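Novice: Position in the sequence shown (first residue = 1) + 17 = my numbering. Structure below; questions to follow.
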Amino acid sequence: MKKDKLHVLQVVGTMNRGGAEVMLMDIYRTISEDFHFDFLVNYKTKIGIEKGDFDDEILSLGGTVKYIGTQWDLGPIQYIKQFKSICDEIGIPDVVHIHLNAKSGLIALAAKKAGIKKIIVHSHADLKFRGSFLNTLFSKVELFFQKMLILKYTTDFWGASKEANNSLFSTPISKQTVVINNAVDIEVFQNVSSEQITEFRNSLNIGENTLVLGNVGRIVRHKNVSFIIDILDKLNQKGIDFKFIFAGRIDDKTYMQEINDKIIQYKLIDKIIYLGIRNDIPVVVSSLDIFVAPALKEGFGLVAVEAQATGIPCVLYTGFPSSVDMGLGLVSFISSFDSDKWLNEIIKVKNNKSSDKELISSAIQNKGFDIKKNTEIVEKLYRGANIK
Numbered sequence: 018m019k020k021d022k023l024h025v026l027q028v029v030g031t032m033n034r035g036g037a038e039v040m041l042m043d044i045y046r047t048i049s050e051d052f053h054f055d056f057l058v059n060y061k062t063k064i065g066i067e068k069g070d071f072d073d074e075i076l077s078l079g080g081t082v083k084y085i086g087t088q089w090d091l092g093p094i095q096y097i098k099q100f101k102s103i104c105d106e107i108g109i110p111d112v113v114h115i116h117l118n119a120k121s122g123l124i125a126l127a128a129k130k131a132g133i134k135k136i137i138v139h140s141h142a143d144l145k146f147r148g149s150f151l152n153t154l155f156s157k158v159e160l161f162f163q164k165m166l167i168l169k170y171t172t173d174f175w176g177a178s179k180e181a182n183n184s185l186f187s188t189p190i191s192k193q194t195v196v197i198n199n200a201v202d203i204e205v206f207q208n209v210s211s212e213q214i215t216e217f218r219n220s221l222n223i224g225e226n227t228l229v230l231g232n233v234g235r236i237v238r239h240k241n242v243s244f245i246i247d248i249l250d251k252l253n254q255k256g257i258d259f260k261f262i263f264a265g266r267i268d269d270k271t272y273m274q275e276i277n278d279k280i281i282q283y284k285l286i287d288k289i290i291y292l293g294i295r296n297d298i299p300v301v302v303s304s305l306d307i308f309v310a311p312a313l314k315e316g317f318g319l320v321a322v323e324a325q326a327t328g329i330p331c332v333l334y335t336g337f338p339s340s341v342d343m344g345l346g347l348v349s350f351i352s353s354f355d356s357d358k359w360l361n362e363i364i365k366v367k368n369n370k371s372s373d374k375e376l377i378s379s380a381i382q383n384k385g386f387d388i389k390k391n392t393e394i395v396e397k398l399y400r401g402a403n404i405k
């Protein structure tokens, strides 16, 4: 690393394809050569170090990937010691950018102890705790103490949305927060050709007149994938010719088994195509007719903006923040889990796909979700400018 570059340490979980990770990599690909990124991956020691989807690309872009056990695996004192040791090894960063939501407070303290001057905590989620009473209580108590540490040791408070900021940051600093839009590379999504779409659909044996619905994301409970199967059952009962495409990582195998059981119960095996992890998400999204997402809660929901960039309508639960709507008339919000309401909305919007690339591009840029403009803002903030 050249000494004249501004050194940023990104503190993350495993760099797999998720909304925050995709956003961060889009910034990394776009940011000027005046910046150097290193990545510190927090991993569960019982599972061990796992290679992330983006690790090779990080290395190819000149970054390094270091690893540290989670703060709960190591304990606070050992975590702080190892964090400092890693910073000494790579050279004390000018900036630390922390992306671990409710775990960010202790990391901010560790960064302060390591001698880092600019400490950014970036909230990527509207935090909601689920599970047993005891687990929920423990999580809330932990968050309380993490918030205290965030308030004391953080210099910059960023979030994917106002909802995400309000979820993690305490009232005294709520007016000092900055919303960093989860922006997209518009050109990448608009440059998918009709030939690529045809080839993709043909590879999955999808008919020309088949309605193609889809979703991209991790398979975990809060994404509410099981409810999508209920919607598809209603579509099937209507006799509609459709296919549902899902691309993403299985992060909850038990939940995936529950979904598979429901698919078998509803006799939808031939209607659903699970693609797993893909490197061609722009092609996948562009090949859909409708994007369907009933996630219970999203800090932002980058893939919904990606879908709008391709011109396809989106049917979303109100767990998505309203800021995800680019004002193109492509987004429908539904506030309940009444599958009949979702069915009716899907039928209503199935022919609403927009082909006006110039209008779409202009709308996304004007809303502040273009990756090039977004990265310029991030550069200024890394350097210490005040952005209002």
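Don't be surprised by glycine CBs; every beta carbon is placed ideally from N, CA and C. Here the structure is a predicted model, which is why all the values come from computation and not from measurement.
Comparing C-alpha positions only, which one of VAL25, VAL112, VAL58, PHE186 sits nearest to ALA119?
Specialist: Mapped onto the sequence shown, residue 119 falls at position 102. Here the closest residue by C-alpha is PHE186.
Novice: Would you check whether the ligand NAP has a heavy atom nearer than 6 Å to the C-beta of ILE280?
Specialist: The ligand NAP is not part of this structure, which contains no ligands at all.
Novice: On the CB-based measure, 16 or more other CB atoms within 10 Å of its CB, does PHE155 come out buried or exposed?
Specialist: Indexing the sequence shown from 1 puts residue 155 at position 138. With fewer than 16 Cβ atoms within 10 Å of its Cβ, PHE155 is classed as exposed.
Novice: Can you list, in chain order, the stretches of the beta strand (DSSP E) that have 3 or more residues and sit fully within the segment 106-164?
Specialist: For the segment 106-164, whole beta strand (DSSP E) runs of length 3 or above, ordered along the chain, are 112-115, 135-140.
Novice: Going by C-alpha distance, which of ARG295, SER49, GLY30, MET42 is nearest GLU396?
Specialist: As a working mapping, residue 396 is identified with position 379 in the sequence shown. Answer by Cα proximity: SER49.
Novice: On a CA-only basis, which of ASP72, LYS134, ASP143, ILE329 is nearest VAL29? Give me that one, please.
Specialist: Position 12 of the sequence shown holds residue 29. It is ASP72 whose Cα lies nearest to the Cα of VAL29.
Novice: Does the Cβ of LYS230 have 16 or more other Cβ atoms within 10 Å, making it buried, or fewer, making it exposed?
Specialist: Looking up residue 230 in the sequence shown gives position 213. It is worth fixing the name first, because residue 230 is Leu in this sequence and not Lys. Buried, since its Cβ has 16 or more Cβ neighbours within 10 Å.
Novice: Considering only the alpha carbon of each residue, which of VAL138, PRO110, ILE107, GLY132 lies closest to LEU117?
Specialist: Position 100 of the sequence shown, counted from the first residue, corresponds to residue 117. Of the listed residues, the one whose Cα sits closest to LEU117 is VAL138.
Novice: At what residues does the alpha helix (DSSP H) containing LYS389 begin and finish?
Specialist: Along the sequence shown, read from residue 1 onward, the residue named residue 389 stands at position 372. Residues 388-400.
Novice: Tell whether a beta-carbon distance below 7 Å holds between GLU67 and THR31.
Specialist: If you number the sequence shown from 1, residue 67 lands on position 50. If you number the sequence shown from 1, residue 31 lands on position 14. A contact, by the Cβ cut-off of 7 Å.
Novice: Give me the Cβ distance between ILE280 and PHE308, rounded to the nearest whole Å; I'm assuming they're in contact under 8 Å.
Specialist: In the sequence shown, residue 280 corresponds to position 263, counting from 1. In the sequence shown, residue 308 corresponds to position 291, counting from 1. Their Cβ separation, rounded to whole angstroms, is 20 Å, which puts ILE280 and PHE308 out of contact at 8 Å.
Novice: Per DSSP, which one or two residues make a beta bridge with GLY293?
Specialist: Start at 1 with the first residue of the sequence shown, and residue 293 comes out as number 276. DSSP output for GLY293 lists ALA264 as bridge partner(s).
Novice: If we count the other Cβ atoms within 10 Å of its Cβ and call it buried at 16 or more, is GLY336 buried or exposed?
Specialist: Working through the sequence shown from its first residue, we reach residue 336 at position 319. It is buried - the Cβ of GLY336 has at least 16 other Cβ atoms within 10 Å.
Novice: So if DSSP puts TRP175 in a beta bridge, which residue, or which two residues, is it bridged to?
Specialist: If you number the sequence shown from 1, residue 175 lands on position 158. TRP175 is bridged to HIS139, VAL195.
Novice: Who does CYS331 pair with in a DSSP beta bridge?
Specialist: Taking the sequence shown and counting its residues from 1, one reaches residue 331 at position 314. Answer by DSSP bridge pairing, in chain order: PHE308, VAL348.
Novice: I believe VAL196 touches ASN183 by the beta-carbon criterion, under 8 Å. Please report the beta-carbon distance rounded to the nearest angstrom.
Specialist: What you label residue 196 is simply residue 179 of the sequence shown in a count that begins at 1. What you label residue 183 is simply residue 166 of the sequence shown in a count that begins at 1. VAL196 to ASN183, Cβ: 11 Å. No contact.
Novice: Considering only residues of the same chain and omitting the five flanking positions on each side of LEU376, which have a CB-CB separation below 8 Å?
Specialist: Here residue 376 refers to the residue found at position 359 when the sequence shown is read from its first residue. Result list for LEU376: LEU345, in chain order.
Novice: Distance check for TYR170 and PHE161, CA to CA, integer angstroms please.
Specialist: Working through the sequence shown from its first residue, we reach residue 161 at position 144. Working through the sequence shown from its first residue, we reach residue 170 at position 153. The alpha-carbon atoms of PHE161 and TYR170 are separated by roughly 15 Å.
Novice: Which partner residues does VAL322 have in the DSSP bridge list?
Specialist: Indexing the sequence shown from 1 puts residue 322 at position 305. Paired residue(s): none; VAL322 is not in a bridge.
Novice: Spatial neighbours of LEU123 within its chain, please: CB distance less than 8 Å, with the 5 preceding and 5 following residues excluded, ordered by chain position.
Specialist: Walking along the sequence shown from the start, residue 123 turns up at place 106. Answer for LEU123: GLN88, PRO93, TYR96, ILE97, GLN163, LEU166, listed in chain order.
Novice: Can you tell me whether GLU106 is buried or exposed, with buried defined as 16 or more other CB within 10 angstroms of its CB?
Specialist: Translated into positions along the sequence shown, residue 106 becomes position 89. Per the 10 Å Cβ criterion, exposed.
Novice: Looking only at C-alpha atoms, which of TRP359, LEU41, PHE52 sits nearest to ARG400?
Specialist: Translated into positions along the sequence shown, residue 400 becomes position 383. Out of TRP359, LEU41, PHE52, PHE52 has the C-alpha closest to the C-alpha of ARG400.
Novice: Quick test of the definition: if touching needs 3 or more C-beta pairs under 8 Å, does the segment 357-364 touch the segment 243-263?
Specialist: Short answer: they touch.
Novice: I need the boundaries of the beta strand (DSSP E) containing LYS83, first residue and last residue.
Specialist: As a first step, residue 83 is located in the sequence shown; it is residue number 66 there, counting from the start. Note, LYS83: beta strand (DSSP E), 81-86.
Novice: Can you confirm whether the segment 291-300 touches the segment 250-264 when touching is taken to mean that 3 or more C-beta pairs between the two stretches lie within less than 8 Å?
Specialist: These segments touch.
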